[in-house]
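There are 2 protein chains.
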Amino acid sequence: MNLKDLSSLLGLSQTTVSRALNGYPEVSEATRARVLEAAAAHGYRPDSRARSLATGRAMAVGLVVPVNSRHERVNPIFADFIAGAGDVLSARGYDIMLSLASGEDEAETYRSLAARGRVDGVIVQAPLIRDWRIKMLRDLGLPFVVHGRISGEDAAYSWIDMDNRRAFRKATDHLLDLGHSRIALLNGLRDMDFAHRREDGFLQGMAARGLSPLARHIQNAPMTEDFGYAATTAMLEAEDAPTAILTASVLVAFGARRAIEAKGLKVGRDVSIVTHDDVLTYLPNTGDPPMFTATRSSVRRAGEQALEMLLQLIDAPGCGPLQTLMEAELVQGTSSGPVLNKEPHAHAET
Amino acid sequence: MNLKDLSSLLGLSQTTVSRALNGYPEVSEATRARVLEAAAAHGYRPDSRARSLATGRAMAVGLVVPVNSRHERVNPIFADFIAGAGDVLSARGYDIMLSLASGEDEAETYRSLAARGRVDGVIVQAPLIRDWRIKMLRDLGLPFVVHGRISGEDAAYSWIDMDNRRAFRKATDHLLDLGHSRIALLNGLRDMDFAHRREDGFLQGMAARGLSPLARHIQNAPMTEDFGYAATTAMLEAEDAPTAILTASVLVAFGARRAIEAKGLKVGRDVSIVTHDDVLTYLPNTGDPPMFTATRSSVRRAGEQALEMLLQLIDAPGCGPLQTLMEAELVQGTSSGPVLNKEPHAHAET
DNA sequence: ATCGCAGGCCAAAGCGCTTTGGATATCGAA
DNA sequence: TTCGATATCCAAAGCGCTTTGGCCTGCGAT
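In order, the protein sequences belong to chains A and B. Under the UniProt record's numbering, the first residue of the first sequence carries the number 1, and numbering increases by one thereafter. Under the UniProt record's numbering, the first residue of the second sequence carries the number 1, and numbering increases by one thereafter.
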């Protein structure tokens, strides 16, 4: 059932039917009602390719998810980010064009999406420290919003980000206030911009009290449970074991907790954990008080907001760079407590 | 840069340029070379909407991800499934149209994708016990592949599934062989078809040895860490505590382990865990031997295979229902061992 | 010299929609 | 009665591509 069929069926021109369906005023209410009814009855839905070709708008946004080429990992935060994005988009009649891009192909992916007219805008995920994508997207003239920010990028661009530096500064201060001074940071991959900012916040907090962490107490890796476990185990067994650990994700915190408990130590008493919590639906930090003391910022909310912004940029191309900084709140859980003044934990089991 | 520009620039007709680019034989090799070179030089990429309108093929497949309406949860397995799917698709020039659909809207989502010509086929995720989607998709005439199977569906349809029943039968037998008889099952949501099959395999295994589990030892919930923790804690504290636990995901297994260790018990000695492992990149079951004894089947591989099948159905619409059953392998980890003959664990700490 | 045929190219007709630029009818005001 | 608004509707021109159905040209066969 296409427009031609429908209009001849109604004894009207395609123009009139199209206008009736799209809410234009040049059509009588009686006719509009008749058209809408017929359209519903026959399940007519305009072909989006044809419509898109005629209007020049794709009614879709691109979500380019980088597949870490070294690790071939797809971060599960995308599932929640997309859930947020999807809500906003479907409410406005947009679709999501998903592209997985691994490293080299990524430039081609953007160019292709733009040139083939598949999308009206894109979301840039997982920005790196000096990300080349900004310049390329600007050159392409494709509206975009970065989920995260890019250190070393001078030009203005639209982004939504959590205040990673401040969040980790807060988390660090929290631990320092509890008397901890040997604090470790289990962070995301080194080239990720967010990891850089988190480390920054951590170091600033330490420096403000005249402290400086051991180099081996700052580790970067994909944020998996076994990274948390392995890194924590190693640190607890070495000299100058940390009394508190900052982790970049709940999954890593799970691993840290396992390592601590495997040593016969108690989380929140012998070793404290403060984690960042993206509020992923399948990794809830539940309990009252919650299991982990955490800096909390919903990635799903970020997805909603990011798309709100992108749609705004698409609707009004000139409306300048939009920027949203989300604040993470520190929630006190059971995983952090005052430092114990006793023998280093490393020897607790020896 | 569109076809018209490119062809007038080359002094050729649009027909010839189009044919040259698409590999038709009616164009001399010399001309073809000239065209390809010019296209590359000017970064020409055919507008996919126009092409799609002309050919009738969308060159995109739909991935409809159900957002559990009760729980608003997006299962992280989709991230990995999509990674597999993306590999296959991008190699063949297809794009992914992602739709999040929550319950009621889902029918509309499929209808809309089909009617608007946005996709050439779809993947159906998370099938329920008696899923209405099969009938609807068949009526729509849209090629589709189900990721999972549908009990109570008589008509033939294309699917790819892991042999859930056999996997859990294997896992159960493994535990039974180790002498366990009080085995619990922490399963996914009750209306999910896979959960049903897993329970089946479990019950079959038990019945084969004349055993039948306690009703409260079979639990259904979203597969989160805290479900594993809470359920395990409760069971260990009650009468007739299980000596072994079967979990439906690594995340749930994490929770079960935490509960066991919190009771001062040792996983693999006091209480065994066998989990299903979807081999999610961010939830690796690492170690040698691995941390968890598990039935292993890569969901990423399933994604690849599912799209291979879907593309086949799209290319040759009549090629009949395609069905792939994947076998999960049982890998022995450190989380399962022979049953201890001693006082019930419930009292271990009292 | 003529014919047939293949190779190489092109004009134009779609694909299904939106949108421009009228056309026609109606109606109150002059 | 005549005239401009208004309100309704319509024919046709795109959007950028593919594809059908030719049109030439040259060449070997008749």
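Every residue gets a Cβ at the ideal spot worked out from N, C-alpha and C, and that includes glycine.
*Are A:F168 and A:G303 closer than 7 Å when you measure CB to CB?*
In this structure, A:G303 does not lie closer than 7 Å to A:F168 by Cβ.
_Which of helix, strand or coil DSSP assigns to B:F292_ = In this structure, B:F292 counts as coil in the three-state DSSP scheme.
*Option nearest residue 354 of chain B by Cα separation, candidates A:T55, A:N285, A:D240 and A:T233*: Outside the displayed range of chain B (1 to 350) lies residue 354 of chain B, so it cannot be described from this structure.
*Flag this pair as touching only if the stretch 90-99 of chain A and the stretch 31-45 of chain A have three or more C-beta atom pairs under 8 Å; answer yes or no.*
Not touching, per the Cβ criterion.
_What does the Cβ neighbour count give for A:K263, buried or exposed, with the cut at 16 atoms within 10 Å?_
Using a 10 angstroms sphere on the CB of A:K263, the tally of other CB atoms reaches 16 or more, which defines it as buried.
_Residues that A:V67 contacts on chain B, provided the C-beta gap is smaller than 9 Å_ = The answer, in chain order, is A83, G86 and D87.
*Which whole-angstrom value is the C-beta distance of B:V279 and B:S298, which I expect to be below 8 Å?*
Between B:V279 and B:S298, the beta carbon gap of about 4 Å places them in contact (Cβ cut-off 8 Å).
*Continuous alpha helix (DSSP H) stretch holding A:H134: start and end*: A small correction: the amino acid at residue 134 of chain A is Ile; His does not occupy that position in the sequence shown. Counting along the chain, A:I134 sits inside the alpha helix (DSSP H) bounded by residues R133 to L140.
*Could you please give the first and the last residue of the uninterrupted alpha helix (DSSP H) stretch that includes A:D226?*
Element bounds for A:D226: E225 to E237.
*Output the distance between the C-alpha atoms of A:S13 and B:G56, rounded to the nearest integer angstrom.*
If you take the alpha carbons of A:S13 and B:G56, they lie about 24 Å apart.
*Own chain, CB closer than 8 Å to B:L203, minus 5 neighbours either side, in chain order*: Residues S212 and P213 of the same chain have their beta carbon placed closer than 8 Å to that of B:L203, with the five preceding and five following residues left out of the count.
*Would you say A:T247 faces chain B, with C-beta separation under 7 Å as the test?*
False, the Cβ-Cβ gap to chain B never drops below 7 Å.
*Please report how far the alpha carbon of B:E327 lies from the alpha carbon of B:D200, in whole angstroms.*
Straight-line measurement puts the Cα of B:D200 at about 16 Å from the Cα of B:E327.
*Could you pull the start and end residues of the beta strand (DSSP E) that A:E37 belongs to?*
Per DSSP, A:E37 belongs to no beta strand (DSSP E); it is in the alpha helix (DSSP H), E29 to A41.
_Option nearest A:E237 by Cα separation, candidates A:A259, A:D226, A:D177 and A:F78_ = The option with the nearest alpha carbon to A:E237 is A:A259.
*For the putative contact between A:T281 and A:F292, defined by C-beta atoms under 8 Å, what is the C-beta separation to the nearest angstrom?*
Between A:F292 and A:T281 the Cβ distance is about 16 Å, and since that is not below 8 Å, they are no contact.
*For A:A39 and A:S7, the rounded distance between their alpha carbons*: If I take the Cα positions, the gap works out to 10 Å.
*Taking Cβ positions only, does A:Y117 come closer than 7 Å to chain B?*
Correcting the residue identity first, residue 117 of chain A is Gly in this sequence and not Tyr. Judged by the 7 Å Cβ criterion, A:G117 is in contact with chain B.
_A:D47, enclosing alpha helix (DSSP H) - first and last residue_ = Annotation: A:D47 is outside any alpha helix (DSSP H) and is labelled neither H nor E by DSSP.
*Which chain A residues sit within Cβ distance under 8 Å of B:L185?*
Within chain A, no C-beta atom comes less than 8 Å from the C-beta of B:L185; the nearest is roughly 19 Å away.
*Under 8 Å Cβ-Cβ, which residues of chain A neighbour B:S52?*
What B:S52 touches in chain A, judged by beta-carbon distance under 8 Å, is R49, going in chain order.
_Cβ closer than 7 Å: which chain A residues qualify as neighbours of B:F78?_
What B:F78 touches in chain A: A79.
*For A:R45 versus B:A115, is the C-beta distance shorter than 7 Å?*
For the pair A:R45 and B:A115, the CB atoms are nearer than the 7 Å cut-off.
*asked:* Quick check: the stretch 227-235 of chain A against the stretch 175-190 of chain A, are at least 3 beta-carbon pairs closer than 8 Å?
replied: Contact between the stretch 175-190 of chain A and the stretch 227-235 of chain A is present: three or more C-beta pairs spanning the two stretches fall below 8 Å.
*asked:* Which residue marks the beginning of the beta strand (DSSP E) containing B:M206, and which one marks its end?
replied: Per DSSP, B:M206 is not a residue of any beta strand (DSSP E); the alpha helix (DSSP H) it occupies stretches across D193 to A208.
*Would the stretch 161-176 of chain A and the stretch 318-327 of chain A be scored as touching if the rule is three or more Cβ pairs under 8 Å?*
As far as the Cβ criterion goes, the stretch 161-176 of chain A touches the stretch 318-327 of chain A, which means the pair count is three or higher.
*Between A:F254 and the rest of its own chain, which residues show a CB-CB distance below 7 Å, the 5 nearest in sequence each way excluded?*
Excluding positions up to five away in sequence, the list reads E225 and G228.
*Is the beta carbon of A:R296 less than 7 Å from the beta carbon of A:V331?*
Taking 7 Å as the Cβ cut-off, A:R296 and A:V331 qualify as a contacting pair.
*From which residue to which residue does the alpha helix (DSSP H) around A:E106 run?*
Counted as a single uninterrupted DSSP element, the alpha helix (DSSP H) harbouring A:E106 occupies residues D105 to A115.
_Are the CB atoms of B:I314 and B:D120 within a distance shorter than 7 Å?_
Yes, these two residues count as a Cβ contact at 7 Å.
*Find the residues of chain B that neighbour A:M97, judging by a C-beta separation of less than 9 Å, and give them in chain order.*
In chain order: A60, D95, I96, M97 and L98.
*Among A:G287, A:A244 and A:E308, which one has its Cα closest to the Cα of A:S336?*
For A:S336, the closest C-alpha among the options A:G287, A:A244 and A:E308 is that of A:A244.
*Flag B:G103 as yes if its beta-carbon sits less than 7 Å from any beta-carbon of chain A, otherwise no.*
Judged by the 7 Å Cβ criterion, B:G103 is not in contact with chain A.
_For A:N68 and A:I96, I'd like the C-alpha separation in whole angstroms._
Cα to Cα, the separation comes out at about 21 Å.
*Quick one: which chain B residues come within Cβ less than 9 Å of A:N75?*
Per Cβ cutoff of 9 Å: A79, T281 and Y282.
*Under 8 Å between beta-carbons, which chain B residues line up against A:P46? List them in chain order, please.*
Correct list: R116.
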